[in-house]
Amino acid sequence: MRFQTKLIHGNWKGDTKTGATNVPIYYSNAYSHQTAEELEDIFIGKEAGYVYTRIANPTVEAFERRIATLERGVAAIATSSGMAAIYLAFMNVLLPGDEVIASSGIFGGTYDLLKNLIEYNIHVKFVDDLDEDTLNREITPKTKIVFSETIGNPKLDVLDIEKVGQICQEKNVLFIVDSTVTSPYLIKPLEYGVDIVIHSTSKYINGTSNAIGGIIVDGGSKKFYSEKFPEFKEYTKRFKRFAFTAKLRNGIGKDLGAIMSPMNSFLNLTGIETLALRMKAHCENTLKVAEYLENHPKVAFVNYPNLKSSKYYNIAKKYYKKGTGSILTFRLGSKEKAFHFINNLKLIYNLPNIGDTKSVIIHPASTICAKNTKEEKEQMGVYEDLVRLSVGIEDVEDIIEDIESSLANI
Ligand SMILES: *Cc1c(COP(=O)(O)O)cnc(C)c1O
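With the first letter of the sequence shown counted as 1, position 114 gets the number 114 in the working numbering; the numbers rise by one all the way through.
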């Protein structure tokens, strides 16, 4: 089955009882069984089945299976938000005293989450470039995870995913990647040595911004068999390549209960059918808007990896043959001008989101990154005069006209 077909039919053949083509929404907290023996068997994992929706739900499971097949993973776990997915994936692996190396160009919420892990005595080192020299210098025997986004939001630095994958393989360190900004349409990170892929499904996967959610895709890494991860020993014995998922479902996932709701899973299953069509339109529109902005005298600097002027152009061409998504940033000379520009827009919404069918803009320095220091902001590619635009799939002429008339007023 090819990608577009999988978006619609992946791991789902219709409801056998009713013939319904859409996955039914199972709005039931618990599931009854004929005998106490039957319930016992499901509870202790001897038999497959449903007992309680915090543990498993058929609608949520259908969504998990759809994403797992799209990413070519062995399994996936849907969560209540993208942040929950990141937290659960990390805490399924980390113990006090462990170290993490993370790209500094990542999403502000993730940056804060990782910084706060110090409260559990987990040390996260933020680095500007995940290159060979940096990794060889920073990886120690305590390093358990290297983390990055495929393309940083909002820094828009493009990860050399294959290279980092090789180094993590040599050093036996887990490689976890947040692919929210690229979606499975633009890249499948598991093909490049990544062990775990995370998405905020709130963005492209859902597509129309009607459900917050996240997903963790398990690549079935063999690294969990090694001495470095002794707490996975029992799980690799019993669940083989599903060790990571089994430990998460039986441990912190069940304990925290930060699951995706059946309704949100249904909305995501509906949204994802059009992922390829939307991503194609996002990429086409964004390149046109980026080229327009680059030629505008009032715009100081446009950052979009698919522009020839980008320092990431060559690496973007290597990994992203279909485009680099909907996010671009540009600078307008001062915070006042940036605010003025946003205030004058008529079509483009001013809000903290990306990957929506609608075009949306924000001034990150005063919002998403307001709590970060000036140095941290610059590490994240955020400046006082910078705005982040996520280009929607409206007619591109309307988007450009909105930008044009607002620029005329600043
Ligand atoms: C939005 C976002 C998140 C957080 O996801 P939520 O669903 O908002 O919790 C994580 N990573 C990236 C790259 C994001 O854009």
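Where is the CB? At the ideal position from N, CA and C, for every residue including glycine.
Inter-residue Cα distance where the pair is residue i and residue j
i, j, result
"residue 20", "residue 12", "11 angstroms"
"residue 247", "residue 104", "29 angstroms"
"residue 319", "residue 218", "21 angstroms"
"residue 132", "residue 7", "36 angstroms"
"residue 193", "residue 378", "29 angstroms"
"residue 196", "residue 175", "7 angstroms"
"residue 109", "residue 337", "26 angstroms"
"residue 37", "residue 95", "37 angstroms"
"residue 29", "residue 307", "49 angstroms"
"residue 369", "residue 58", "38 angstroms"
"residue 168", "residue 365", "33 angstroms"
"residue 117", "residue 87", "10 angstroms"
"residue 312", "residue 304", "9 angstroms"
"residue 4", "residue 166", "30 angstroms"
"residue 376", "residue 236", "39 angstroms"
"residue 46", "residue 56", "15 angstroms"
"residue 412", "residue 353", "Past the edges of the chain, shown from 1 to 410, lies residue 412, and the structure says nothing about it."
"residue 301", "residue 113", "30 angstroms"
"residue 245", "residue 397", "46 angstroms"
"residue 81", "residue 240", "28 angstroms"
"residue 14", "residue 367", "44 angstroms"
"residue 285", "residue 139", "40 angstroms"
"residue 18", "residue 9", "17 angstroms"
"residue 162", "residue 130", "11 angstroms"
"residue 359", "residue 22", "29 angstroms"
"residue 343", "residue 128", "32 angstroms"
"residue 349", "residue 119", "37 angstroms"
Residues sharing a beta bridge with residue i, DSSP
i, result
"residue 328", "389"
"residue 174", "145"
"residue 206", "Residue 206 is not bridged to any residue."
"residue 271", "In the DSSP output, where bridge partners are listed per residue, residue 271 has none listed."
"residue 404", "None, per the DSSP bridge assignment."
"residue 100", "124, 145"
"residue 349", "360"
"residue 76", "217"
"residue 382", "The partner list for residue 382 (beta bridge, DSSP) is empty, contrary to what the question assumes."
Beta carbon of residue i nearer than 8 angstroms to that of residue j
i, j, result
"residue 89", "residue 187", "no"
"residue 388", "residue 361", "yes"
"residue 177", "residue 289", "no"
"residue 210", "residue 293", "no"
"residue 341", "residue 407", "yes"
"residue 412", "residue 74", "Since the displayed the chain opens at 1 and closes at 410, residue 412 lies outside it and no answer follows."
"residue 323", "residue 283", "yes"
"residue 122", "residue 98", "yes"
"residue 102", "residue 32", "no"
"residue 152", "residue 208", "no"
"residue 415", "residue 124", "With the chain covering 1 to 410 only, the question about residue 415 has no answer from this structure."
"residue 402", "residue 347", "yes"
"residue 297", "residue 27", "no"
"residue 183", "residue 275", "yes"
"residue 64", "residue 48", "no"
"residue 62", "residue 269", "yes"
"residue 310", "residue 316", "yes"
"residue 181", "residue 150", "yes"
Residue nearest to residue i in terms of C-alpha spacing, selected from the options
i, options, result
"residue 280", "321, 244, 305", "321"
"residue 228", "93, 274, 301", "93"
"residue 190", "202, 222, 201, 208", "222"
"residue 155", "381, 365, 395", "381"
"residue 231", "298, 352, 91", "91"
"residue 201", "386, 39, 356", "356"
"residue 251", "2, 22, 16, 54", "54"
"residue 395", "376, 278, 312", "278"
"residue 213", "85, 367, 398, 365", "85"
"residue 172", "162, 119, 143", "143"
"residue 206", "265, 71, 400", "265"
"residue 72", "2, 259, 46, 141", "2"
"residue 69", "136, 261, 216, 299", "216"
"residue 400", "295, 170, 22", "295"
"residue 385", "137, 334, 302, 184", "334"
"residue 185", "325, 393, 163, 34", "325"
"residue 328", "344, 315, 127, 363", "363"
"residue 371", "163, 358, 315, 115", "115"
"residue 339", "383, 315, 374, 310", "383"
"residue 203", "139, 159, 83", "83"
"residue 404", "349, 299, 393", "299"
"residue 106", "158, 51, 138", "158"
"residue 412", "287, 127, 409", "As shown, the chain starts at 1 and ends at 410. That puts residue 412 outside it, with no answer to give."
"residue 25", "260, 226, 128, 242", "260"
Closer than 8 angstroms to chain C by CB, residue i
i, result
"residue 21", "Absent from the structure is chain C; it holds one protein chain and no more."
Neighbourhood of ligand 1 [Cβ distance below 6 angstroms to any heavy atom], ordered by chain position = Answer in sequence order: 81, 82, 83, 107, 109, 110, 149, 153, 178, 180, 181, 200, 202, 203, 212, 214, 354.
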